[in-house]
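All residue numbers for the sequence shown refer to the working numbering, where the first residue is 2 and numbers rise by one. Just so it is clear, CB atoms sit at the ideal spot from N, CA and C, and this is done for glycine as well. None of the values given here were measured: they were computed from a predicted structure.
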Amino acid sequence: MRLDKYLKVSRLAKRRTEAKEALDAGRIELGGRAVKPSHVVNVGDELLIHYATRDVRVRVLALPERHGARVKPETLYTVLEDRRTA
Numbered sequence: 002m003r004l005d006k007y008l009k010v011s012r013l014a015k016r017r018t019e020a021k022e023a024l025d026a027g028r029i030e031l032g033g034r035a036v037k038p039s040h041v042v043n044v045g046d047e048l049l050i051h052y053a054t055r056d057v058r059v060r061v062l063a064l065p066e067r068h069g070a071r072v073k074p075e076t077l078y079t080v081l082e083d084r085r086t087a
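Next comes the structure, spelled out in structure tokens:
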């Protein structure tokens, strides 16, 4: 699954376009590097997301089995770190 779509489905981003803009701006990292919206997400990936007032590190636990499936967002990832920024 594309990273921009995963961020929307997992509700880490409100809209897919918002996720794409954050990815294009380099505010989402995987392994210390900025990634593109088309990056394929895998179970076990650790993402660092730079929001306006905080940084959140999450680990991907699962991917939706089919597109459009109703899933609980909290089952798709776990928060490893949630840090406020000044």
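Query: Segment contact, 8 Å Cβ cut-off, at least three pairs: the segment 34-44 with the segment 73-80; Result: no
Query: Cβ pair D5, R17 closer than 7 Å; Result: yes
Query: Contact set for L64: own chain, Cβ-Cβ below 6 Å, skip 5 residues either direction; Result: M2
Query: Distance between P74 and V10 (C-alpha atoms, nearest Å); Result: 7 Å
Query: Close beta carbons around T54, own chain, < 8 Å, minus the five adjacent residues each side; Result: R85, T86
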